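In the numbering used here, the protein residues as written are -7 to 219. Reviewing the structure listed below.
In structure tokens, the structure reads:
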């Protein structure tokens, strides 16, 4: 079996990346694509405005976590020169991971057994902020999980090569002051080949590069039982 099939065969009811006290029933999908007209009603360059929007969405739905964003085409990244380009086809605006929007300090869990591959504070405006990458092997297939937008304290007591068990608390979510200037959320990404990257890997791509990244990523939603 290839990696996609191996992951699809797992019991998704047993895989968590957020505090397990939050029931899967308390998750709700959210659309943050450029097609969502509600996003035209507030300043999308403001992390505070985003936090208000997300919190209102959760409150109205009586839920605790809003999730979505895999391969979503977003206008949000236009606020940052880090993602922009003079050429339209090279503008990075397609999101490659799954976002889980919930309060700062929420505990982040390892999705699988593995080791710490690398970690880094990615401080570009609009970037991940503190980031941890874990390396895993299932049935001789190696792959990686990336956890972005963490608190700075999450990087203080972690070591490369450190053994990690599934559901170990590896971090806490950061706030807008440290997480790249976003409303608090976890960026979770499943990557087949890190391409030599350390503590970082693209979480947003251009239309020009989408074909490559689609084959190098795995949709996290079914892995986490979010379908």
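In this text, a Cβ means the ideal position worked out from N, Cα and C, and glycines have one as well. All of these numbers come straight from a predicted model, not from anything done at the bench.
(message) What residue range does the alpha helix (DSSP H) around residue 149 cover?
(response) It is not in any alpha helix (DSSP H) - residue 149 carries neither H nor E in the DSSP assignment.
(request) Would you be able to state if there are at least three C-beta pairs under 8 Å between the region 145 to 162 and the region 130 to 137? (result) no
(request) Measure the alpha-carbon distance for residue 90 versus residue 29 and round it to whole angstroms. (result) 21 Å
(message) Considering just the uninterrupted stretch of the alpha helix (DSSP H) at residue -2, what are its terminal residues?
(response) -5 to 0
(message) Given a cut-off of 8 Å on the beta-carbon distance, is the pair residue 7 and residue 57 in contact?
(response) no
(message) Rounded to the nearest angstrom, what separates residue 54 and residue 47 at their Cα positions?
(response) 10 Å
(message) Along the chain, where does the beta strand (DSSP E) containing residue 183 start, and where does it finish?
(response) 177 to 183
(request) Tell me, please, which residues DSSP counts as bridged to residue 115. (result) Looking at the DSSP assignment, residue 115 forms no beta bridge with any residue, so it has no partner.
(request) For residue 94, decide whether its Cβ has a neighbour in chain B, counting only Cβ atoms nearer than 8 Å. (result) The structure shown contains no chain B; it holds only a single protein chain.
(message) If you measure between the beta carbons of residue 163 and residue 100, is that distance less than 8 Å?
(response) yes
(message) Between the region 179 to 198 and the region 105 to 123, can you find at least three pairs of beta-carbon atoms closer than 8 Å?
(response) yes
(request) In angstroms with no decimal places, state the Cα-to-Cα distance between residue 5 and residue 217. (result) 6 Å
(request) Return the first residue and the last residue of the alpha helix (DSSP H) that residue 215 is part of. (result) 212 to 215
(request) Provide the residue span of the beta strand (DSSP E) that contains residue 19, from first to last. (result) 19 to 21
(message) My assumption, with CB atoms under 8 Å, is that residue 161 sits in contact with residue 121. Please give the rounded CB distance.
(response) At roughly 18 Å, the Cβ-Cβ gap does not stay under 8 Å, so residue 161 and residue 121 are not in contact.
(request) Indicate the three-state DSSP secondary structure (helix, strand or coil) for residue 66 in the structure shown. (result) coil
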